[in-house]
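Mapping of the sequence shown onto full-length UniProt numbering: residues 1 to 266, in sequence order. The C-beta atom is built at its ideal place from N, Cα and C for all residues, glycine as well. Treat the numbers as computed from the prediction; the structure is a model and nothing was measured. Here's the structure we're looking at; comments come further down.
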Amino acid sequence: MTDTLPGLVVPEWLTPAQRALLVDLAGRNDAAHGDDFLGLVLSGSAGRAYATEHSDLDVVVVLADEAAAARSTTHSPDVDEAVDSWTDLLTVPPFGSEGWWFRWTYAWAPVLLDRTGGALTDAVRRQATLPPEESDAVLLDHDRLDGWVNFAYRALKNDRDGRPLEARLDAAESVPWLLDVVFATAGRVRPYNKYLPWELRHHPLEEWPGEQLLDLVGRTLAGDAGAVRETFPLVRAACAAYDARRGHTRTSDMVSGWGEELRIFG
Numbered sequence: 001m002t003d004t005l006p007g008l009v010v011p012e013w014l015t016p017a018q019r020a021l022l023v024d025l026a027g028r029n030d031a032a033h034g035d036d037f038l039g040l041v042l043s044g045s046a047g048r049a050y051a052t053e054h055s056d057l058d059v060v061v062v063l064a065d066e067a068a069a070a071r072s073t074t075h076s077p078d079v080d081e082a083v084d085s086w087t088d089l090l091t092v093p094p095f096g097s098e099g100w101w102f103r104w105t106y107a108w109a110p111v112l113l114d115r116t117g118g119a120l121t122d123a124v125r126r127q128a129t130l131p132p133e134e135s136d137a138v139l140l141d142h143d144r145l146d147g148w149v150n151f152a153y154r155a156l157k158n159d160r161d162g163r164p165l166e167a168r169l170d171a172a173e174s175v176p177w178l179l180d181v182v183f184a185t186a187g188r189v190r191p192y193n194k195y196l197p198w199e200l201r202h203h204p205l206e207e208w209p210g211e212q213l214l215d216l217v218g219r220t221l222a223g224d225a226g227a228v229r230e231t232f233p234l235v236r237a238a239c240a241a242y243d244a245r246r247g248h249t250r251t252s253d254m255v256s257g258w259g260e261e262l263r264i265f266g
């Protein structure tokens, strides 16, 4: 749907009231900032056709740096209007930094308005993707792969030794590490927990059938040692496929480096 402001495209799945709010918001920013108003991005549940009656609109207003410096995020019952400067949008925070958590905000988020000739759209997509070197850093330099093996190994040892609570705690703690591995090997930023089922179903991962992964995650959170064991060969296969694409063997070598300890995975 194209509305009054040239270049503005509003998703058809929104309600008439939501579309009207976005048209008004775009017009207000255009009037206030003119050429410094670079674009709009619709994030949150509404941006992914995943909203409920309790959802508001999460909108990112992208402004030239000087204009953005004079603005801050505003909240209302219907719209959260965040402001991103052009420099901030082009800056890609590395894993573990303060800004890393916000990168998935841009994943699969429709760009409603791009006045930069496509550069804004490219920057939005870049925030939510991991080029090969960054995937290597998440998996290896930040130890997400080794960390998953470690927690999974500890969960299985506790299960073997008759410590069900300890096994469940380690199994549950392994899940965030697993999800970082799953998405980093696919070159994507891990989604927020709320959106994990949505992303797996709407944007499937080649090595991980969505329903199978969700089942394994649920069972692992419940402390099911069998789920941890079932996950291990899938992680190894994902690592082998990732290494083949990268032209190295680093992730497979890291797992193999656990040596005889891997026997516990069965």
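Spatial neighbours of residue i in its chain, beta-carbon cut-off 7 Å, leaving aside the 5 residues before and after
i: Thr2; result: Interpretation of Thr2 is limited by its pLDDT of 44, a score under 50 that renders its predicted location unreliable; no figure is taken from the coordinates.
i: His54; result: none
i: Val111; result: Gly39, Val41, Leu120, Thr121, Val124
i: Val217; result: Val175
Residue i classed as buried or exposed, judged by whether at least 16 other C-beta atoms fall within 10 angstroms
i: Asn193; result: exposed
i: Gly47; result: buried
i: Ala69; result: exposed
i: Glu81; result: buried
i: Trp108; result: buried
i: residue 305; result: Outside the displayed range of the chain (1 to 266) lies residue 305, so it cannot be described from this structure.
i: Thr231; result: buried
i: Leu165; result: exposed
i: Asn29; result: buried
Cut-off 6 Å between Cβ atoms - residues of its own chain near residue i, not counting five sequence neighbours on either side
i: Arg19; result: Val10
i: Arg71; result: Val83
i: Leu178; result: Trp148
i: Ser45; result: Ala51, Ser55
i: Ala49; result: Trp13
Identity of the residues DSSP links to residue i by a beta bridge
i: His75; result: Asp80
i: Trp208; result: Leu205
i: Thr129; result: Arg188
Run of the beta strand (DSSP E) containing residue i, from where it starts to where it stops
i: Gly39; result: 37 to 43
i: Val62; result: 57 to 63
i: Val111; result: 111 to 114
When the options are compared against residue i, the one with the closest alpha-carbon
i: Thr185; options: Arg246, Pro110, Glu66, Gly117; result: Arg246
i: residue 305; options: Ala17, Phe183, Arg115; result: In this structure the chain extends from 1 to 266, so residue 305 is not present and cannot be described.
i: Ile264; options: Pro233, Arg103, Ala244; result: Pro233
i: Asp170; options: Asp56, Thr121, Thr220; result: Thr220
i: residue 269; options: Asp88, Ala26, Val181; result: Because the chain spans 1 through 266 in this model, residue 269 falls outside it and cannot be assessed.
i: Glu260; options: Pro6, Tyr153, Ala167; result: Tyr153
i: Leu130; options: Val92, Glu206, Ala167; result: Val92
i: Gly34; options: Thr105, Val61, Arg160, Asp215; result: Val61
i: Asp24; options: Thr4, Phe37, Thr15, Asp36; result: Thr4
i: Asp243; options: Tyr195, Ala26, Asp136, Ala227; result: Asp136
i: Asp159; options: Gln127, Ala222, Pro77; result: Ala222
i: Glu134; options: Leu262, Ala227, Val189; result: Val189
Boundaries (first-last residue) of the alpha helix (DSSP H) holding residue i
i: Asp136; result: 132 to 136
i: Asp146; result: 144 to 160
i: Asp88; result: 86 to 90
i: Glu230; result: 225 to 246
i: Ser97; result: Per DSSP, Ser97 belongs to no alpha helix (DSSP H) and is neither H nor E.
Neighbourhood of residue i by C-beta distance below 8 Å, restricted to the same chain and skipping five residues each side
i: Phe151; result: Asp170, Ala171, Glu173, Ser174, Trp177
i: residue 272; result: Residue 272 is absent from the structure shown; the chain starts at 1 and stops at 266.
i: Arg236; result: Ser252, Val255
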